[in-house]
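In this note's numbering, each residue carries its 1-based index in the sequence shown increased by 1395.
Built from N, CA and C at the ideal position, the CB exists for glycine as well.
Here the structure is a predicted model, which means the values were calculated and not measured.
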Amino acid sequence: MTGAEKTRTQKRLDKLIRDERFAEATQLASDVYQETQDHWLLAMAAYCLRQLGDLSEASRAVKVGLRDHPACPLLLWEMGVIAESRGDRRNAIRWYLKIADEGVAGIRRGPCFEGLAWARGLVRDSFLAA
């Protein structure tokens, strides 16, 4: 997948999510993941599955991504939210603290860095959630 194709896919996925068309977004993310193995797509699929109420499949998608990207803040955040959605606050805190422990510097070094303001916000939100 070229950079331009990835950008188009991300924009299409973002629009589907904004429009709350979560089933379609999940399908798109899953289809493109099969081609690219881009774990960002698994985070997006997990988010959509969670919105659809399928916490088991959301958790499965995140676990697949965490096998190869155990420090991905997007995947860690999703696991925290999934745990909270299941009423497992103690486990949720564990996931959020992994992000907080990584800190902005750790996120900045990783492949999932989406800008300094985003990283700061995520670390702050992780502290607040924990």
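Check your understanding: Hey, is the region 1431–1440 in contact with the region 1451–1471, meaning 3+ C-beta pairs nearer than 8 Å?
Key -> yes
Review point. What span of residues does the alpha helix (DSSP H) with L1517 cover, start to end?
Key: 1511–1524
Practice item. Would you please state the rounded distance, in angstroms, between the beta carbons of V1457 and I1477? I believe it to be under 8 Å. Key: 7 Å
Review point. In its own chain, which residues sit with a C-beta less than 6 Å from the C-beta of L1411, not counting the 5 before and 5 after it?
Key: E1419, A1420
Exercise for review: Could you pull out every residue in the same chain whose Cβ sits closer than 6 Å to the Cβ of F1417, ignoring the five residues on either side in sequence?
Suggested key: C1443, Q1446, L1447
**Study point:** C-alpha distance - L1492 paired with E1479, whole-angstrom precision
**Key:** 14 Å
Practice item. Could you tell me the distance, in whole angstroms, from the CA atom of A1495 to the CA atom of E1473? Key: 14 Å
Check your understanding: Alpha carbon to alpha carbon, how far is D1483 from G1475?
Key -> 9 Å
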